[in-house]
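Encoded as structure tokens, the structure appears first; notes follow it.
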């Protein structure tokens, strides 16, 4: 599971995001605790996409939570052999409403597809660089 904190621009209050892998079971507790603390809850899930790897989908309010639940249910219902739930691009397209997509990839085609599915203001690309053996970090 992942836990993120950020200040939301629209409301100028802190938000707390909780993600799990192919599950949203922690979101009701997140909502309850955020209400007590005066934080905006953002629930999400890491989702395996057939042939593409994983994306992190964050729900934008109750409508986003509904989309995320429908997407996870579709993946789970197809996983009859218990090999691990996976969604496909058709699932992502059918349940994209009110979701924000975080994708970590170097595949420009996949990034473009995510932007087409979610919109340019609802996709963020994570960039990670690992030092090669013997390479030293440079400070700028």
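Numbering (the numbering used here), first residue to last: 422 to 561.
Don't be surprised by glycine CBs; every beta carbon is placed ideally from N, CA and C.
With 16 or more other Cβ atoms inside 10 Å of its own Cβ, residue 479 counts as buried. Ranking 473, 485, 497 by CA distance to the CA of residue 534 puts 473 first.
Contact check for residue 439 against residue 464 passes: the beta carbons are separated by less than 7 angstroms. Between the stretch 519-527 and the stretch 494-503, the count of Cβ pairs shorter than 8 angstroms is below three; the stretches do not touch. Taking the Cα positions, residue 453 is about 25 angstroms away from residue 543.
Shown here for residue 531: same chain residues with a beta carbon closer than 6 angstroms to its own, the five before and five after excluded, namely 473 in chain order.
The beta carbon of residue 526 is closer than 7 angstroms to those of 474, 532 in its chain, skipping five residues each way along the sequence. The beta carbon of residue 513 sits closer than 6 angstroms to those of 538, all from its chain and outside the five residues before and after it, given in chain order.
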